[in-house]
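Here's the structure, in structure tokens; my notes come after.
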Amino acid sequence: MPDSAPSPAADRPQALSAFRICDFTGQLAGAGATRWLASFGAEVIRIEDPVREGRWDILRGTPPYVDDRRGIDMGGAFNNHNAGKYGITLNLRDERAKDILTSLIEISDVVSENFAKGVLERWGFGYERLKEIKPDIIYVSNCGFGHVGPYSDFKTWGPIVQAVSGLTFTSGLPGLEPAGWGYSYMDHTGAYYMAMAILLALIHRQRTGEGQWVDLACTESALSLHGPALLDWTVNQRPSRRPGRPHANRSFWPPMAPHGIYPCAGDDDWVAIACRDQADWEAFAKVVGEAWCDGPTFATPDSRHANQDPLDENITAWTAQQGKFDVEELLRAAGVPVAAVMKPQERIDIDPSTADFGLWPTVRHAKMGDVRVDGQPAHFSETEWRFERGGPCLGEHTADVLTRLLGFSAEDVDALHAEGVV
Amino acid sequence: MSALAGLRVVELAREPIALAGKLLGDMGADVILVEPPGGDPSRDYPPFVDDEPGTDRSLYWWHYHTSKRGVVIDLDHEAGRDRFRSLIGTADVLLEAEPRRRLGALGLDYVDLARLRPELIHVAVTPYGREDAKSDLPFTDLTVMAASGPPWSCGYDDHALPPIRGPLQGYQTAAHFAFLSALTALLYRSMSGRGQFIDVSMTAASNVTTEAASYSWLVAQRTVQRQTGRHASVSPSRETQQLCADGRHANTGVPPRQPREFAALYDWLKELGLDAELPEAVFLEMGANWEGPFDLSRIGSDDEITAIFGAGREGLKLIASRVSAQDFFVGCQRAGLAVGVVNAPEEAFEDEHFKARGFQVPVHHEDIDRTIVYPGAPYALTGSPWAISRRAPKLGEHDDEVFGELAP
Chain A
22 MPDSAPSPAA DRPQALSAFR ICDFTGQLAG AGATRWLASF GAEVIRIEDP VREGRWDILR
82 GTPPYVDDRR GIDMGGAFNN HNAGKYGITL NLRDERAKDI LTSLIEISDV VSENFAKGVL
142 ERWGFGYERL KEIKPDIIYV SNCGFGHVGP YSDFKTWGPI VQAVSGLTFT SGLPGLEPAG
202 WGYSYMDHTG AYYMAMAILL ALIHRQRTGE GQWVDLACTE SALSLHGPAL LDWTVNQRPS
262 RRPGRPHANR SFWPPMAPHG IYPCAGDDDW VAIACRDQAD WEAFAKVVGE AWCDGPTFAT
322 PDSRHANQDP LDENITAWTA QQGKFDVEEL LRAAGVPVAA VMKPQERIDI DPSTADFGLW
382 PTVRHAKMGD VRVDGQPAHF SETEWRFERG GPCLGEHTAD VLTRLLGFSA EDVDALHAEG
442 VV
Chain B
423 MSALAGLRVV ELAREPIALA GKLLGDMGAD VILVEPPGGD PSRDYPPFVD DEPGTDRSLY
483 WWHYHTSKRG VVIDLDHEAG RDRFRSLIGT ADVLLEAEPR RRLGALGLDY VDLARLRPEL
543 IHVAVTPYGR EDAKSDLPFT DLTVMAASGP PWSCGYDDHA LPPIRGPLQG YQTAAHFAFL
603 SALTALLYRS MSGRGQFIDV SMTAASNVTT EAASYSWLVA QRTVQRQTGR HASVSPSRET
663 QQLCADGRHA NTGVPPRQPR EFAALYDWLK ELGLDAELPE AVFLEMGANW EGPFDLSRIG
723 SDDEITAIFG AGREGLKLIA SRVSAQDFFV GCQRAGLAVG VVNAPEEAFE DEHFKARGFQ
783 VPVHHEDIDR TIVYPGAPYA LTGSPWAISR RAPKLGEHDD EVFGELAP
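Chains as they are written, first to last, in our numbering: chain A, 22 to 443; chain B, 423 to 830.
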């Protein structure tokens, strides 16, 4: 594991340091959004419930763990998704906690949450109230079906969003049930859309002085990712649910053949190969050098596209005898698009590209110590991202935030803590 | 007012960034899409209007290039480069996914352009970043994704079947980060006056979009394994995909775990007249009447809790086998259970919920005098309208208009 050296970017300006986020988000669908903001210097203050020990965010105490220790501060996923943020506790059943929250909202730019519809309102902090507290506040709610529409009371998590929005369906092979996504792609991507919405609303406020409410529905963000298929439906009335589809590893827009993921020698080893055009095919055929490459069946892009099943069988017979990195090396040298299907260890610890990019920074967590987390996939010449700290332990920054920002003394905070307010 | 009204974006047409330009344009930016003579290859991608291939008939092109104006500039000739420099002189953002050394060789990379336009935000998208020689290798959406993690986690319990790639999502994920980066840099510029260069890696974007696959390795050096229709996992988990009576599937999510959920499920079984067919119905009734906390940690050790929890699963399976996937979804959700119907994209598009939210957006194509229904906004900003301000441009459609605006 790399040393926890000071970030080389520590003295650089930060793009979003002018902004403070009063953050109720959790899990990945919400926490992933404010994570982007925190890495560019926004002061993201997570608010959690001391009575339930922040367990609304189920990732607080769930695996993976760095060692044998367990508990609400030891969840590895929580640390990953909340790096760079501050964490405070407020018991909103108590009026004094509501007053503290009101003071915090007065000095915040954004209130963000991904509860079920109506939760924040029941605590007395719906959008109308937020505007009374701070007229130009930006309020961003993120839930599966949004706060408006017939399903707005329905509950979701990532796989449900993916199922309802078509993403599960399109990820599969013909004649089989959907393979779907082996993770919450839409928790990640819903979080990206939530971060976009926050940034857009901040830009809007800079230019007009106006705040606003953003009603983000993860299912709607997901549905927008099927553009060409939806136009094929509205214009040509052609459904995606039809014989022979989906065929997720093939390419129809544009037609490419061969285009697939093929088995290799080794333990669950696979290689992805794509021939974009005739030149790629000819280079590929030269590397393979077997008789079947030369026949009329596979001679042209159209004939290859029409004969993909036998084409894939022949390619499978060729790849299955070789290691995936050997196939990758051979086809790379020939200029054909190719990539081994990378396992987590291979792309994180073996492929030098991710390390060279600085993609797995180490953060210092108050209890876990130094832990590697996901970085950001972009480098900024002026305002590079960085994670100043690990995910916050429960209430780790309550005293800091209340004294530094809200005018409480250390003794006040101790008393509030003793009385169960924070 | 649109959030990005008055901002000018220059986009050098390339497939992986097309969505980023659309996201900017649909929020009000003036996006100028620059194509080489002959046009971008994706103009010719299927599907086509009425299934007839031809110029300006690609629905792929239509979708990804809404709200943009189109011009032709030949960067391989000095006159074209001059014209491009004039355009950059008016631009806030340059969005490009050129081969990593191409713009430098043309004298048009950030160092050159920033001299003309210091406040320019230049977003460059390449497979592995500008500094990595692997960015020079040929690539497609499929190879980007295979190299960076998603397919490893997606597929079937049967590992003789290949890992699965969610089509187009590698490029779309890269475009999401290009857009996020541009917005972040715009906020910084509005306070500092300073532009900057942003180096986005497509493979890095997918690498950090794999949830537990990455952090299980980073934190605990464990490897997740793919499973049908559910999260790849270090240890195998129970199936969550259920075939319903109409041949479609549902994702059953998390089974009932609380008395009110057992009660709602039991009531629904009775309503459907199926309670007599479920041998475990008596346990459901026990679950409905359970007093005190229902301790899930005792599943497997406490006979009653184990039987009740199992009855919840069996009850859901029985209902699913007798009703349509859509009815199963709605019925479960009304009972408070997070269940989802596995829709095809068009089935979701026609669903009343998304219609009621205004997701179907008609756009008039004046050139063919036809109104086309497009997918709508990915987010609802109640104060800043999202809109498709124009259909995708024809090749060079706005040459006169845009170059006329540049004329001294």
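Backbone N, C-alpha and C define an ideal beta-carbon position, used for all residues, glycine too. Source: prediction; values computed, not measured.
What is the C-beta distance between residue i and residue j, in whole angstroms, given that I count them as a contact (C-beta under 8 angstroms)?
{"i": "A:Gly105", "j": "A:Phe408", "result": "4 angstroms"}
{"i": "B:Pro438", "j": "B:Val515", "result": "Rounded, the Cβ-Cβ distance is 16 angstroms, inconsistent with contact."}
{"i": "A:Tyr107", "j": "A:Pro413", "result": "6 angstroms"}
{"i": "A:Leu37", "j": "B:Leu609", "result": "6 angstroms"}
{"i": "B:Thr606", "j": "A:Leu220", "result": "6 angstroms"}
{"i": "B:Ala672", "j": "B:Phe751", "result": "6 angstroms"}
Hey, would you say residue i sits closer than 8 angstroms to residue j, going by beta carbons?
{"i": "A:Ala420", "j": "A:Val434", "result": "yes"}
{"i": "A:Pro279", "j": "A:Ile336", "result": "yes"}
{"i": "A:Leu151", "j": "A:Val132", "result": "yes"}
{"i": "A:Asp78", "j": "A:Gln48", "result": "yes"}
{"i": "B:Thr632", "j": "B:Ser575", "result": "yes"}
{"i": "A:Leu286", "j": "A:Gln342", "result": "Residue 286 of chain A is actually Ala in this sequence, not Leu. A contact, by the Cβ cut-off of 8 angstroms."}
{"i": "B:Gly533", "j": "B:Ile620", "result": "Just to set this straight, residue 533 of chain B is Val in the shown sequence, not Gly. No, these two residues do not count as a Cβ contact at 8 angstroms."}
{"i": "B:Pro530", "j": "B:Arg503", "result": "The residue you asked about is not Pro; residue 530 of chain B is Leu in the sequence shown. Result yes, Cβ atoms of B:Leu530 and B:Arg503 sit closer than 8 angstroms."}
{"i": "A:Ala243", "j": "A:Ser186", "result": "yes"}
{"i": "A:Cys169", "j": "A:Asp236", "result": "According to the sequence provided, residue 169 of chain A is Val. The question's Cys does not apply to it. Yes, the pair counts as a contact, with Cβ atoms nearer than the cut-off."}
{"i": "A:Ala184", "j": "B:Gly762", "result": "yes"}
{"i": "A:Val422", "j": "A:Ile66", "result": "yes"}
{"i": "B:Gly709", "j": "B:Pro677", "result": "no"}
{"i": "A:Thr191", "j": "A:Pro267", "result": "yes"}
{"i": "B:Arg552", "j": "A:Ala269", "result": "no"}
{"i": "B:Tyr486", "j": "A:Gly248", "result": "yes"}
{"i": "B:Pro658", "j": "B:Gln664", "result": "no"}
{"i": "B:Pro701", "j": "B:Met624", "result": "no"}
{"i": "A:Thr55", "j": "A:Glu134", "result": "no"}
{"i": "B:Lys490", "j": "B:Glu541", "result": "no"}
{"i": "B:Asp462", "j": "B:Ile810", "result": "no"}
{"i": "B:Leu455", "j": "B:Ala597", "result": "no"}
Restricting to Cα atoms, I'd like to know which of the options is closest to residue i.
{"i": "B:Leu640", "options": "A:Ile224, A:Leu221, A:Thr383, A:Arg150", "result": "A:Thr383"}
{"i": "B:Leu828", "options": "B:Arg430, B:Ser424, B:Ala425", "result": "B:Arg430"}
{"i": "B:Glu788", "options": "B:Lys816, B:Ala427, B:Val763, B:Trp808", "result": "B:Lys816"}
{"i": "B:Ser603", "options": "A:Phe401, A:Glu432, A:Arg73, A:Leu415", "result": "A:Phe401"}
{"i": "A:Pro284", "options": "A:His247, A:Asn257, A:Gly316, A:Ala360", "result": "A:Ala360"}
{"i": "A:Arg33", "options": "A:Arg41, A:Arg56, A:Ala52, A:Gly62", "result": "A:Gly62"}
{"i": "B:Val471", "options": "A:Trp302, A:Asp174, A:Phe346, A:Thr255", "result": "A:Thr255"}
{"i": "A:Gly396", "options": "A:Phe378, A:Lys388, A:Met389", "result": "A:Phe378"}
{"i": "A:Gln35", "options": "B:Gly732, B:Lys692, B:Leu691, B:Arg616", "result": "B:Arg616"}
{"i": "A:His102", "options": "A:Leu113, A:Arg114, A:Pro85", "result": "A:Pro85"}
{"i": "A:Ile68", "options": "A:Ala431, A:Glu149, A:Gly416", "result": "A:Gly416"}
{"i": "A:Arg271", "options": "A:Ile158, A:Ala327, A:Gly147, A:Asp174", "result": "A:Ala327"}
{"i": "A:Pro358", "options": "B:Gly428, B:Phe751, B:Ala568, B:Met449", "result": "B:Ala568"}
{"i": "B:Ala519", "options": "B:Ser557, B:Arg505, B:Glu541", "result": "B:Ser557"}
{"i": "A:His438", "options": "A:Glu405, A:Asp70, A:Ala39, A:Lys155", "result": "A:Asp70"}
{"i": "B:Asn629", "options": "B:Ala703, B:Gly722, B:Ala425, B:Gly592", "result": "B:Gly592"}
Taking a Cβ distance cut-off of 8 angstroms, strictly less, list which residues of the stretch 80–91 of chain A are near chain B, in chain order. Of all residues in the stretch 80–91 of chain A, those with a C-beta nearer than 8 angstroms to a C-beta of chain B are Pro84, Pro85, Tyr86, Val87, reading in chain order.
Pairing CB atoms from the stretch 803–816 of chain B with CB atoms from the stretch 212–227 of chain A, are three or more of them under 8 angstroms? Segments in contact, yes.
Any 3 or more C-beta pairs closer than 8 angstroms across the stretch 295–311 of chain A and the stretch 562–582 of chain B: Contact holds: three or more Cβ-Cβ distances are below 8 angstroms.
With 8 angstroms as the C-beta to C-beta threshold (strictly closer), list the residues of the stretch 355–367 of chain A near chain B in chain order. Taken in chain order, the members of the stretch 355–367 of chain A whose beta-carbon sits within less than 8 angstroms of a beta-carbon on chain B are Gly356, Val357, Pro358, Val359, Ala360, Ala361, Val362, Met363, Lys364, Pro365, Gln366.
What are the residues of the stretch 149–164 of chain A that lie near chain B, defined by any Cβ-Cβ distance shorter than 8 angstroms? Shown here is that no member of the stretch 149–164 of chain A has a Cβ falling below 8 angstroms from a Cβ of chain B.
Could you run through the stretch 538–551 of chain B and flag, in chain order, every residue whose CB is less than 7 angstroms away from some CB of chain A? Result list: Tyr550, Gly551.
Counting pairs of Cβ atoms below 8 angstroms between the stretch 193–208 of chain A and the stretch 775–791 of chain B, do you hit three or more? As far as the Cβ criterion goes, the stretch 193–208 of chain A does not touch the stretch 775–791 of chain B, which means the pair count is below three.
When Cβ atoms are compared, which residues of the stretch 121–150 of chain A fall closer than 7 angstroms to chain B? Listed in sequence order: no entries.
Given a limit of 7 angstroms on CB to CB distance, which residues of the stretch 163–182 of chain A reach chain B? Cβ contacts with chain B come from Phe166, Gly167, Val169, Gly170, Pro171, Tyr172, Phe175, Lys176, Thr177, Trp178, Pro180, Ile181.
Taking contact to mean 3 or more Cβ pairs, one atom from each stretch, closer than 8 angstroms, check whether the stretch 255–269 of chain A and the stretch 489–499 of chain B are in contact. No, they do not touch.
If you measure beta-carbon to beta-carbon, which residues of the stretch 559–579 of chain B are closer than 9 angstroms to chain A? Flagged, chain order: Leu559, Pro560, Phe561, Thr562, Asp563, Leu564, Thr565, Val566, Met567, Ala568, Ala569, Ser570, Gly571, Pro572, Pro573, Trp574, Ser575, Cys576, Gly577, Tyr578.
Which residues, in chain order, does the stretch 597–608 of chain B contribute to contact with chain A at a C-beta distance below 7 angstroms? Those residues of the stretch 597–608 of chain B that come within reach of chain A (Cβ to Cβ, closer than 7 angstroms) are His598, Phe599, Phe601, Leu602, Ser603, Leu605, Thr606, Ala607, Leu608.
At a cut of 8 angstroms, does the stretch 309–324 of chain A reach the stretch 361–381 of chain A through at least three beta carbon pairs? Contact annotation: the stretch 309–324 of chain A does not touch the stretch 361–381 of chain A, with fewer than three C-beta pairs closer than 8 angstroms.
Going along the stretch 184–196 of chain A in order, which residues come within less than 9 angstroms of chain B, judged by CB to CB distance? For the stretch 184–196 of chain A, the residues whose beta carbon sits under 9 angstroms from a beta carbon of chain B are, in order, Ala184, Val185, Ser186, Gly187, Leu188, Thr189, Phe190, Thr191, Ser192, Gly193, Leu194.
By the 9 angstroms beta-carbon criterion, what residues does the stretch 666–682 of chain B contribute toward chain A? Within the stretch 666–682 of chain B, contact with chain A at the beta-carbon level (separation under 9 angstroms) is assigned to Arg670, His671, Ala672, Asn673, Gly675, Val676.
Hey, is the stretch 689–699 of chain B in contact with the stretch 736–746 of chain B, meaning 3+ C-beta pairs nearer than 8 angstroms? At 8 angstroms Cβ cutoff, the stretches touch.
Got a sec: which bits of the stretch 633–651 of chain B sit with their beta carbon under 9 angstroms from any beta carbon on chain A, in order along the chain? So the list reads Glu633, Ala634, Ala635, Ser636, Tyr637, Ser638, Trp639, Leu640, Val641, Ala642, Gln643, Arg644, Thr645, Val646, Gln647, Arg648, Gln649, Thr650, Gly651, given in the order they occur along the chain.
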